[in-house]
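Accompanying notes for the structure given below.
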Amino acid sequence: MSATTPSPANDALVQRLRVAADVLVHDDHSLDQAHPSDLLSRLVATVADDVASERVWLLMVALAARFPTPGEVEEATRTFIGGDTTDAAIFLLDFALAGAARGSAPEATMDLVTNRVLVDVDHSAKNDVHTGIQQVVRHLVPRWSAEHDIVPVAWTDRSGAYRHLGVAEERRVLRHFGGEAEAVPDVVESAPALVVPWHCVIVAAEVVVGDAANRLSGLAQYSGSALVAIGYDAIPVVSADLVPNGDTFVQYLDTLKYARTVAGISTTAVVEFAGFVDTLAAQGLVGPTVSEVALGTSPVSAPHTERGHRGVAMVVMVGSMEPRKNHLAVLHAAERLWRRGVKFELTFICGSEWGTEIPERIDDLTRAGRPITVHHKADDALVEESYRRARFSIFVSKHEGYGLPIVESLAAGTPVITSDFGCMLELSKAGGTLVVDPHDDAAIEDAMFTLLSDDQRLEELRAQIALRPWRSWDDYAEDLWATLVVPHRSADPTKVS
Amino acid sequence: MMARAHRPVTARSMAKRIDAAPVAVRALIRWRLSTLLEVFEKPGDGTTAEQLERVGDIIGQGDRAAMWLALAVIAGALPTEPEVLRACRRADLDGPFSALGDAIDSVTSTADNVDVIQVEIVTDRVVVDVAQPPTSEAASLGGGPIEAERAEGHAVAALTEQWLGRDDTVALHWSRSDRAWHRAPGAGAAAEGEVEAPIVVPWRCTVILPAPLRDATKGERLLALARFSQNRTGAVVYDAFPADPFMAKADPSAATFANALAALSHFDRVAAISHALAVELGGWRRMLSGAGIEGPDIAAVPLPILRRPPAGRASIAHHTFDDAERSGIGGDAAMVLVVGSTGSQDNFGAVLAAAEHVWRSGVAFRLVLVGAPESGPVAQALERAVSLQRDVRRLDTLSEGGLGAAYDAARCSVFVSLHEPYAWPVADSIVSGTPVITSHFASMRELGEPGGAVLVDPRDDGQIADALRRLLTDDAWHDDLARQAHDRAIGSFEDYANAAFSYLVEGAQPPSL
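Have a look at this one:
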């Protein structure tokens, strides 16, 4: 730690240590001009005098410019308790040096954020993808931003720590629905300032993965800030036969063990996360409180205008092409109907694909002359238009946390055939849908036939849709704030920034 | 596939394909068709086309169980869920014979080197899936730091032996491809080049698994069996729910284990080896409702405190060190034994920190760590202890006899795991009459609470240190705990195996052992 050679990394280190000293060493202005090594010695001594994990955590962040993992905080704390200050200083320096390979941002200064609300929107900020979770984030965060004091954050390059969003990232998260068509190029600052929470509420608005999940776990357990999360579903561990990437998700669940509150997006999601919390007794942990905050919806203003491109009724299915969404059962039912002479066309809208069996089956049927259209990259407008033009939509998934396509379809005034359990059944209760056992091909065929042939039944469902109560995204944002944030804000008014 | 979709396959056209195959293949397929027909009490003779017509009657009714059996018998492999669904859908669209194409092809395409293996259908029996041959000592010989695996190997072997000792059970083991079951060959599996025993497909049986399911290939086949076939299914479960970072990095990984759980979600009954694990699995079952799955009936059939190896396999029961172990462990200092079980959740770091507190307070003892990691934070902490001249030893593993001898010789043991479906080291320590410091929750509490154990918060180094210091310095307290341990009732593998069998096969709620 050469303090005599000025360099960006050295200046940044000094800045970070001073910021930490402001919090950890009270009222000692003699440190303002202190040499960095003196500053560090003083910080180590002051933490050793009063070893609390949050103080250890903050010192580690300031020194290494990254959030430590839970194991690193535990080790450091043991060194402070068991050794003398020299042991602790040596340990911390080793930790900081090892950081270069572990997501450290040595040239970054840090912005200590005290008693505020951080919202982790990493994926929605960095990617243009706009499926389930990103939609929730892009509805929620602008509303919170307008009503409350929040700090949207993303992870640094190698998921070492939080940082502020760039201009393009802010636009993705805060102004997706604002009609700003012009994309702003992603300008990568070389060393954006770190956002370091101190007695904050951290809202994990997305599924946090990889190293970030482990560092967030350290933050949740030891930093003094409270982690809360939106609970979407636990599909990767419950239906591991239907989806890839279970290991990544396990890392996320491991982090959620240390969350204070999880707001499930449906009754089904609440049951899944509550079941997960039940398992934690085996680890001697209490786990988060799980509450339900149902998502909002955005009804489509344009009227329903049923009309297929080919002069026949169109049936739409929206969802990634993976076994869980049950395309093969729908294709089977559709083929049976086509063979019976029923006239309709089938439109699939999907973001991603997993496996080859579904596309191969679609190819087979298409070559045999069946009217199937597949849209792989559909923007919001095309999705909305497809719902509006469809006679009905079909969403007979084997496992969902919410069932967004059901709500989207209903919002467009279009009836839905969906599954008879879980969140899909929940969403059906207010009308506008037919429910079937998604494992029963014949039941799917019957339901499709009914809606293709029985105009009166279809009209009944449309009438039910018109009577459905709509939950706004404003309500969602407000309820979520009350559930996730309010209970965990510090009661001490002097700390409010 | 295209052609089949458009030109329905008839019994006659399919018979032509079969009859055109080499004579051994043709005979094999006809043999299997006949076996299948007999189960449905239909004549198995006649031309291939006649046989196929009768099979078509069986599978053409939309009965997924019948399709499952037909695919298993014809292909000589347990089908997966997508295979069954694909076949049912083809039968539905283009008639029963188009559904059999893949199964027939799987036999004809291996024409050059096909083993003429008949398929036998076993009905109305209890089928034991012998994942590991019962004679194997592989787990104990392999040794290594994964102590739970070695102990678990004993439990599996004992369960298997007890269950197979009954008149109503049939032992099956997986083929080399993990796609089919054969009759278990008894001692010494089939050597390379030997003709394997017949492939066995259970029908209207109860299939029970004494060993943990940790294989994706077997898992997806057992899932289809549990979901579609007319067999009842039961399994002993040894593993915790995969929401543990240690599992994500472990082998099998959490994802693999989650896949195994997907199969178990369609089972009828699951026996957990501890109450804590049953509670954990109950949480998992609750999570299944989002997928519209009810999940299995779950009961704790808790493994009691057991002396291992089980009775009847006593050749390695002597509690003696080998020379290397004696030089590593032996000596006059009071010895504190820490045997790792499965990895990082063993919490060695906390033990080392606690030990350091005790050494600093002036109490002398020798700390022996078995199976502690060789690198990473624990290894660094160990290095620091060595540099401070602490009396600490690290061993990769111990022989089975050495393990028993180490527990016998130890003043006390420490097992403060953060997550353990069954705490083998706690059981081993108590069996040796050696007091154990262990975690105050879950299976550690279950095993320790009745006596001989000190329960502590494993996340509090100070509590571990206090317990350790007192066990080393307070002779009266130590002796009282040792007496409690000594007085604990030791269970028998036979009772455990019977309780598990009664629950899995007969649905009897298990007694607490």
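Each protein sequence line maps, in turn, to chains Y and L.
Going by the working numbering, the first sequence opens with residue 1, and the numbers climb by one from there.
Going by the working numbering, the second sequence opens with residue 498, and the numbers climb by one from there.
Glycine residues also receive a C-beta, built at the ideal position from the N, C-alpha and C atoms.
Quick caveat: nothing in here was measured; it's all calculated off a predicted structure.
First through last residue of the beta strand (DSSP E) which encompasses residue i
i                       : result
residue 321 of chain Y  : Looking at the DSSP string, residue 321 of chain Y is not in any beta strand (DSSP E), and its letter there is neither H nor E.
residue 453 of chain L  : This structure cannot speak to residue 453 of chain L, because chain L is shown only from 498 to 1010.
residue 909 of chain L  : 909-912
residue 125 of chain Y  : Here residue 125 of chain Y belongs to no beta strand (DSSP E); instead the alpha helix (DSSP H) covers 122-126.
residue 670 of chain L  : 666-671
residue 1001 of chain L : Where residue 1001 of chain L is concerned, there is no enclosing beta strand (DSSP E), given that its DSSP letter is neither H nor E.
residue 231 of chain Y  : 226-231
residue 731 of chain L  : 729-734
residue 373 of chain Y  : 372-375
residue 501 of chain Y  : Not covered by the structure: residue 501 of chain Y. The range shown for chain Y is 1 to 497.
Per-residue contacts from residue i into chain L (C-beta, under 9 Å)
i                      : result
residue 215 of chain Y : Those do not exist, as residue 215 of chain Y stays about 12 Å from chain L at its closest Cβ, beyond 9 Å.
residue 281 of chain Y : 773, 776, 777, 780, 938 and 939
residue 357 of chain Y : 579 and 583
residue 78 of chain Y  : 846, 847, 849, 850, 853, 878 and 958
residue 525 of chain Y : Here chain Y comprises residues numbered 1 to 497, so residue 525 of chain Y is not present and cannot be evaluated.
Cβ neighbours of residue i in the same chain (closer than 6 Å, five flanking residues each side left out)
i                      : result
residue 213 of chain Y : 251, 252 and 255
residue 110 of chain Y : 16, 19, 194 and 196
residue 639 of chain L : Legend: pLDDT at residue 639 of chain L = 34, less than 50; position of this residue unreliable, no value from coordinates given.
residue 207 of chain Y : 252
residue 517 of chain L : none
residue 775 of chain L : 769, 795 and 797
Residue i in three-state terms, based on DSSP
i                      : result
residue 36 of chain Y  : helix
residue 345 of chain Y : strand
residue 90 of chain Y  : helix
residue 194 of chain Y : strand
residue 987 of chain L : coil
residue 292 of chain Y : strand
residue 517 of chain L : coil
residue 276 of chain Y : helix
residue 54 of chain Y  : helix
residue 266 of chain Y : coil
residue 906 of chain L : helix
residue 431 of chain Y : coil
residue 67 of chain Y  : coil
residue 102 of chain Y : coil
residue 781 of chain L : helix
residue 150 of chain Y : strand
residue 869 of chain L : coil
residue 762 of chain L : coil
8 Å Cβ cut-off: residues of chain L touching residue i
i                      : result
residue 268 of chain Y : 786 and 787
residue 271 of chain Y : 783, 784, 786 and 787
residue 278 of chain Y : 776, 777, 779, 780 and 783
residue 336 of chain Y : 589 and 590
residue 332 of chain Y : 586, 589 and 590
Bounding residues of the alpha helix (DSSP H) (the contiguous stretch that carries residue i)
i                      : result
residue 440 of chain L : Lying outside 498 to 1010, the shown extent of chain L, residue 440 of chain L is not represented and no answer is given.
residue 678 of chain L : Note, residue 678 of chain L: premise wrong, no alpha helix (DSSP H); beta strand (DSSP E) at 678-680.
residue 951 of chain L : No alpha helix (DSSP H) holds residue 951 of chain L; the beta strand (DSSP E) holding it covers 950-953.
residue 405 of chain Y : 404-411
residue 929 of chain L : Counting along the chain, residue 929 of chain L falls outside any alpha helix (DSSP H), and DSSP gives it neither H nor E.
Other residues of its chain near residue i: CB distance less than 7 Å, five sequence neighbours each side excluded
i                      : result
residue 479 of chain Y : 293
residue 131 of chain Y : 351
residue 937 of chain L : 952, 953 and 954
Partners in chain L for residue i, counting only beta-carbon separations shorter than 7 Å
i                      : result
residue 398 of chain Y : 788
Contacts that residue i makes with chain Y (C-beta to C-beta distance below 7 Å)
i                      : result
residue 853 of chain L : 82
residue 482 of chain L : Here chain L covers residues 498 to 1010 and nothing more, so residue 482 of chain L does not appear.
Under 8 Å by beta carbon: chain Y residues contacting residue i
i                      : result
residue 652 of chain L : Here the premise fails: no neighbours, minimum Cβ distance about 19 Å.
Residue i Cβ short of 7 Å to the ligand HEM heavy atom set
i                      : result
residue 420 of chain Y : This structure lacks the ligand HEM, and indeed carries no ligand of any kind.
9 Å Cβ cut-off: residues of chain Y touching residue i
i                      : result
residue 737 of chain L : 279, 282 and 283
For this session: Pull out every residue of the stretch 941-958 of chain L whose Cβ sits closer than 8 Å to any Cβ of chain Y, in chain order.
Result: 954, 955, 956 and 958
For this session: Taking only beta carbons into account, state which residues of the stretch 859-875 of chain L come closer than 7 Å to chain Y, listed in chain order.
Result: So the list reads 874, given in the order they occur along the chain.
Problem set entry | Residues from the stretch 405-426 of chain Y in contact with chain L, defined by Cβ distance under 8 Å | Residues 419, 420, 421, 422 and 423.
Exercise. In chain order, what residues of the stretch 915-933 of chain L put their CB closer than 7 Å to some CB of chain Y?
Worked result: Taking 7 Å as the Cβ-Cβ cut-off against chain Y, the residues of the stretch 915-933 of chain L that qualify are 915 and 916.
Exercise. Using Cβ-Cβ distances below 8 Å, what residues of the stretch 223-236 of chain Y are close to chain L?
Worked result: 233, 234, 235 and 236
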